[in-house]
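Residue numbers (our numbering): 36 to 178.
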Amino acid sequence: MANAASRGHFPVVKWLHENIAHEDFQTMVLDLAVFNGDLSLLKWLHTNRPNERWSTFAVDIAAQCGHLHVLRWLLDHKQLYKHHGFSIHMRALTLAIQGNHFDAVLLVHYEFQEWNSSSMMPMNNDSYNDHIKAWLQEELGLF
36 MANAASRGHF
46 PVVKWLHENI
56 AHEDFQTMVL
66 DLAVFNGDLS
76 LLKWLHTNRP
86 NERWSTFAVD
96 IAAQCGHLHV
106 LRWLLDHKQL
116 YKHHGFSIHM
126 RALTLAIQGN
136 HFDAVLLVHY
146 EFQEWNSSSM
156 MPMNNDSYND
166 HIKAWLQEEL
176 GLF
C-alpha cells in the first residue's frame, strides 16, 4: 500500500484496502499521500482507515513541499493528532521557510502565532526569496 501511495496510485491503494488484509501501516501511507500532495487520497484514508495513527510529520511534509491545500486540511483536522497524543510540530514553519513556500509560511504562522524566533530551527538565509527574508525581518526580527 505504501508503494502505491508513494507513486500516487490511488485506485491501487483502494483495491489493496478492499482485497488484502488490513495490516497496520503506521503513518507511512498517510505521509506519502501528503508528500505527493494527494488530498483526495488523504481524505479517503481518513474516512476508510479511521484507526490509523497520524503523525505531525505530515504537517511538516506539507509545509516543506508547499502543498497548501493539504496543509490547510491537516491544520483543520488537528484533532487527529490530539487523539493519538500528538501535537502539531513546530518544525513546520521552519520547513516552509526553508522550502521558500511563502503561502505555507503565512498559513502556519497564522495558525500558531505564539511561535517566535527562539522556537525555530537555525537557518541559512542565502537561499530565501526576498518575500521570505523581508517577512522574517519584519515579523520575527531575524537577520
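We put the CB at the ideal spot given by N, CA and C, even for glycine.
| Asked | Found |
| --- | --- |
| Cutoff 6 Å; reference E174; Cβ partners in own chain excluding five residues on either side | none |
| Residue environment, H136, which counts as buried when at least 16 other CB atoms sit within 10 Å | buried |
| Own chain residues within Cβ distance below 6 Å of D138, not counting five before or after | L103 |
| Reference D111; option with closest CA among L130, R84, G134, Y145 | Y145 |
| CB of L130 within 7 Å of CB of Q99, strictly | yes |
| Near the ligand GTP: N71 beta-carbon under 6 Å from a heavy atom | Annotation note on the ligand GTP: not contained in the displayed structure, which lists no ligands. |
| Helix, strand or coil at S41 according to DSSP, with G and I counted as helix | helix |
| Anticipated Cβ contact below 8 Å, T91 with Y116, distance rounded | 6 Å |
| Spatial neighbours of A97 in its chain, beta-carbon cut-off 7 Å, leaving aside the 5 residues before and after | V69, V105, L106, L109 |
| Supposed contact pair G43 and D73 - C-beta distance, whole angstroms, cut 8 Å | 6 Å |
| Through-space distance from V48 to M36, alpha-carbon basis | 6 Å |
| Cβ shell of L51 (< 6 Å), same chain only, five flanking positions each side left out | M36 |
| Beta-carbon separation (whole angstroms), E87 vs L80, contact threshold 8 Å | 7 Å |
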